[in-house]
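One structure is given below, encoded as structure tokens.
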Amino acid sequence: MAMQVGLKTTSLATTPAPVRTTPGAATSVARPDALANVRPTGPQFPESALLSRRPLRYNVQLNQQLTSVQKAESYLSETETQLLMLRHQATRGGGAESAKAVNMLLRQRGTLSGGTVDRNFNVTLQQKSQVNFTLPGMEKILEPSSGETLVFALGGGRRELTAVAIPPQATPRQALMQLNVGLGKLGIHATLSGEGQVRFQVAEDRWARVSHNFSVRGEGQQFPADAFTLLAPAAEPSREDEVGLLASQWSPGASGKMQQTLEQITRERSKLHQHQERVSARIQDMSAAYTPDEALETARALGSALANGGTQYGLLAKALAAQGNVSLTTVKNLLGE
């Protein structure tokens, strides 16, 4: 039978722990108080080049926030500049070059902004940009009926199917609830307006598939049962659509509409600046840069602590050796007690 013997020895913890030092040695490797408040003043907000050169300076989540803010700010700033130029030139009978630049910005919005600006020039840092749309003919699903099972199909790549069972004599809200259970698997969400109209929403990166490859098959009541019926989703008008029309054909009242879009961009840029200030404050709190004097003092304290570690290691080695060579008589005496 294995026996264990406990001896009173002076030992160090075998698990990782802060370094202990003997009296008179440095008791901490922390940064000196006198130097703790001395920090180099950095830029108010990191530039994109800084992120690529020193990617480990910030954590991953903060890096993503910085990148999103920078892309959104860059896109809105360039769009605002081009819209101002378009308005200035169009009111004087020109603007062809500016219109071309504006249309390019609208077409490449998702790429240039990194998906951080939606179709209404709203900044969406924490979530995907959404597209609101309607489905003509879908309102009849909300009408009381004997019930029907609908199968929705989304193509344009890997074919996705989902079934929705509308209960007999369901109220509009009950039918809407069942609709969301099924369509939610396709990333589509439906809401009911105060006027009783059904509106749908989907992430913008799925809109191309939904707008061209969304179909439904029923049981012969609301929709045919022999084949899928291709639906015709219609996106709600957006500021992006409005700007595109103004760029292609400037009208006498276009200045007022353009001004509304510019004010929207100004509001969103103001929100971005506030977000930048919060991120900058967080970066300042996370700063771990040492001044030369601070680094020297810390190195000295660490060296002193390590120098005194040899003596304590020797004591631990002797204690372990003694415990492993205890005689049988000693063991019997200890157990007899």
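The sequence shown begins at 407 in the working numbering and counts up one residue at a time. Ideal placement from N, C-alpha and C gives every residue a C-beta, glycine not left out. Here the structure is a predicted model, which is why all the values come from computation and not from measurement.
{"Check": "Residues bridged to H679 (per DSSP)", "Outcome": "DSSP, once it has assigned bridges, lists no residue as partnering H679."}
{"Check": "For R515, three-class secondary structure by DSSP", "Outcome": "helix"}
{"Check": "Selected residue, minimal CA-CA separation from Q476, among T736, G521, L722", "Outcome": "G521"}
{"Check": "V435 - DSSP class collapsed to helix/strand/coil", "Outcome": "Note that V435 scores a pLDDT of 42, beneath 50, so its modelled location is shaky and nothing firm can be said."}
{"Check": "Residues near K591 by beta carbon distance below 7 Å, same chain, minus five either side", "Outcome": "T568"}
{"Check": "For R673 and S654, the rounded distance between their alpha carbons", "Outcome": "25 Å"}
{"Check": "Secondary structure of R525, DSSP reduced to three states", "Outcome": "coil"}
{"Check": "Separation of V604 from I547, as counted between CA atoms", "Outcome": "10 Å"}
{"Check": "Exposure label - S552; buried when at least 16 CB within 10 Å", "Outcome": "exposed"}
{"Check": "Whole-number beta carbon distance between R525 and S644, since they are thought to touch under 8 Å", "Outcome": "4 Å"}
{"Check": "Residue environment, R684, which counts as buried when at least 16 other CB atoms sit within 10 Å", "Outcome": "exposed"}
{"Check": "Beta strand (DSSP E) segments (min. 3 residues) lying fully within the segment 576-621", "Outcome": "594-598, 604-609"}
{"Check": "Those residues which DSSP pairs with F558 across a bridge", "Outcome": "T568, V622"}
{"Check": "Delimiting residues of the alpha helix (DSSP H) encompassing V537", "Outcome": "Counting along the chain, V537 falls outside any alpha helix (DSSP H), though it belongs to the beta strand (DSSP E) covering 536-540."}
{"Check": "Assumed close pair G624, A631 - CB separation to whole angstroms, cut-off 8 Å", "Outcome": "6 Å"}
{"Check": "Integer Cβ distance of L668 from E486, believed to fall under 8 Å", "Outcome": "6 Å"}
{"Check": "Beta carbon of W656 nearer than 8 Å to that of G501", "Outcome": "yes"}
{"Check": "Limits of the unbroken alpha helix (DSSP H) element including G520", "Outcome": "Segment: none, G520 is in no alpha helix (DSSP H) and carries neither H nor E."}
{"Check": "As assigned by DSSP and simplified to three states, the class of A723", "Outcome": "helix"}
{"Check": "Euclidean distance between Cα positions of E503 and F634", "Outcome": "45 Å"}
{"Check": "For L708, three-class secondary structure by DSSP", "Outcome": "helix"}
{"Check": "Supposed close pair A505, L492 - CB separation, criterion 8 Å", "Outcome": "6 Å"}
{"Check": "Residues bridged to A502 [DSSP beta-bridge criterion]", "Outcome": "Looking at the DSSP assignment, A502 forms no beta bridge with any residue, so it has no partner."}
{"Check": "Cβ neighbour criterion (16 or more within 10 Å) applied to Q471", "Outcome": "buried"}
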